[in-house]
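S.K.:
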Amino acid sequence: MKAAPWQVFRRFAASTSLQSHALPIEFPPAAAHSCRTLNLEGCAGTVHNSFHTSVSSFHQSPQLPEQPHPPAYSPAGRVTGPYTVPRQPVFAVVELGPTQYKVSPDDLVYTEKLKGVDVNEKVSLNRVLLLGNQTQTIIGRPFVPQASVVACIEEQFQDAKVLIFKKRRRKNSRRLNGHRQELTCIRILEIYGVDADESSLDHAAAV
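Going by the working numbering, the letters in the sequence shown line up with residues 13 to 219, in that order.
#1: Quick one: grab the DSSP three-state call for Lys183.
#2: Leaving out the 5 sequence neighbours to the left and right, which residues in its chain are closer than 8 Å to Lys173 when beta-carbon positions are compared?
#3: Using the beta-carbon count (16 or more within 10 Å), is Asn100 buried or exposed?
#4: Going by beta carbon distance, what residues of the same chain come within less than 8 Å of Arg90, once the five residues before and after it are set aside?
#5: For the stretch 102–119 against the stretch 168–187, are there 3 or more C-beta pairs whose distance is under 8 Å?
#6: Identify every residue that forms a DSSP beta bridge with Gln112.
#7: Cα separation between Arg186 and Leu175?
#8: Does the beta-carbon of Arg153 have 16 or more other beta-carbons within 10 angstroms, so that it is buried, or is it exposed?
#9: Could you name the residues that DSSP lists as bridge partners for Lys178?
#10: Identify the residues that DSSP records as bridge partners of Pro87: which are they?
#11: Helix, strand or coil: which one does DSSP assign to Leu126?
#12: At which residues does the beta strand (DSSP E) containing Tyr204 begin and terminate?
#13: Roughly how many angstroms separate the alpha carbons of Asp207 and Thr96, rounded to a whole number?
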């Protein structure tokens, strides 16, 4: 009767002392202690222990303090008379609610209603994501420190009505609703944090 392959291998392993050909592996005392602690043997236990040691030391290292996000806007005074805003070759990207706006001085921006402010009041937009002129660009992470955009509230109104019609088939269900979004119109007065290029100012004055 012919023996199975695994029976042949078992006989060969019993006849030849495979353990005598194994090479002993020596580890330093610290590594051997770590292997015994983890109940592992060989290089895998040493690598596993060193990885967890590095991760624990990383978590124990001092973390940088988290910078709080500035408020979206804050009061900055009130307009008492007519005003004119000179055009300047600078721009900024500000965040108001879920929307980002690229603005320049004397721009008119329509945004969602700003609560707590009235017409002719000034507001400082503090969440400035980017500043720039014709020669440089300043990118925030995510906001540019010590930068702001001053704007004036010119109007608060409601947008045109939007009709929303819903119908469920074969359910005798119909619904018609209207919605008017409240908006605020602001005019950009000044951008702080970046200076206009002198050559650009000379060109604008000449024009």
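Cβ coordinates follow ideal geometry from the N, Cα and C atoms, glycine included.
Keep in mind that this is a model prediction, so the values were computed, not measured.
M.R.: Considering the structure as presented:
#1: coil
#2: Gly190, His191, Arg192
#3: Reading off the sequence shown, one finds Gln at residue 100, where the question assumed Asn. Buried, by the Cβ-count rule.
#4: Asn132, Glu133, Lys134
#5: no
#6: Glu107
#7: 13 Å
#8: exposed
#9: Arg187
#10: Val135
#11: coil
#12: 194–204
#13: 19 Å
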